[in-house]
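In this note's numbering, the protein residues as written are 8 to 251.
Backbone N, C-alpha and C fix where the C-beta goes; we use that ideal spot for every residue, glycine too.
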């Protein structure tokens, strides 16, 4: 799925059931997320991951952060409790509009529509943190590799990128299904969920992620299993630094 179609799919999801599309709890399908409850999950996740970051990279600054794939701003606003300023970017116009409408942080947070395979909105060496949870799994690997390069480019000295990527499905009945091509899975997704847009999943093996980050000029500081992609997946959380 190219970026144009990715944008159209997520724009449709953002129009129909945005909070469920971002955090797909089955019990919250059909616009059942409460706003306060939804944003509370963002504060919980950001708190957990920043505590981890302190142990891996204690010298990382708290000036400016980038939330890649910000959706409605669930993590963006939570990051603003810890950073002087936060930028959120997303590929879907409906998500950016919702994030702006729900913004509780004023000018401390800025949201941007970005439908490109780069981060040219931002200068080199400007971000203390690039943060992306359960987002890159929806992006084809050819684009992931470009974004890894951009993550490294925009990082400030001693800055880090922290992101999650599922590696491969577990060999369970549901997991085996994900060995099918997305062209077939999308038919199933449309029938099951009835959304106008579909959420494709594009895993990337752990060793290939590490290789791509290194080719992008980054240094892998830490890799560990993470649960956010669900029980079906072997998934990992990466912390990447910038040499020098």
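So, at 8 Å on beta carbons, what are the nonlocal neighbours of residue i in its own chain, with the 5 sequence-adjacent residues on each side left out?
| i | result |
| --- | --- |
| residue 110 | 80, 84, 116, 118 |
| residue 177 | 238, 239, 240, 241 |
According to DSSP, is residue i helix, strand or coil?
| i | result |
| --- | --- |
| residue 52 | helix |
| residue 246 | strand |
| residue 17 | helix |
| residue 29 | helix |
| residue 71 | strand |
| residue 65 | coil |
| residue 79 | coil |
| residue 180 | helix |
| residue 208 | coil |
By Cβ distance, which residues of its chain are closer than 7 Å to residue i, with the 5 residues on each side in sequence left out?
| i | result |
| --- | --- |
| residue 131 | 160, 161 |
| residue 150 | 10, 124 |
| residue 216 | 172, 245 |
Excluding five sequence neighbours on each side, which residues of the same chain lie with their C-beta closer than 6 Å to the C-beta of residue i?
| i | result |
| --- | --- |
| residue 225 | 159, 247 |
| residue 36 | 27 |
| residue 223 | 155, 156, 159 |
| residue 185 | 176 |
| residue 220 | 155, 227, 247 |
| residue 231 | 244 |
Determine, using beta carbons only, whether residue i and residue j come nearer to each other than 8 Å.
| i | j | result |
| --- | --- | --- |
| residue 75 | residue 172 | no |
| residue 100 | residue 120 | yes |
| residue 72 | residue 86 | yes |
| residue 139 | residue 243 | no |
| residue 114 | residue 69 | no |
Taking only heavy atoms of the ligand ADP into account, decide whether any of them is closer than 7 Å to the Cβ of residue i.
| i | result |
| --- | --- |
| residue 235 | With respect to the ligand ADP, the structure offers nothing, as it holds no ligand at all. |
Tell me the DSSP bridge mates of residue i?
| i | result |
| --- | --- |
| residue 169 | 138, 246 |
| residue 175 | 241 |
| residue 191 | The partner list for residue 191 (beta bridge, DSSP) is empty, contrary to what the question assumes. |
May I have a chain-ordered list of the alpha helix (DSSP H) segments no shorter than 4 residues that lie completely inside the segment 81 to 153?
-> Along the segment 81 to 153, the alpha helix (DSSP H) occurs as fully enclosed runs of 4 or more residues at 81 to 86, 100 to 108, listed in sequence order.
In the segment 212 to 237, which residue ranges form an unbroken beta strand (DSSP E) of at least 3 residues, counting only runs that do not cross its ends?
-> Counting whole runs of 3 or more residues, the segment 212 to 237 contains the beta strand (DSSP E) stretches 226 to 232.
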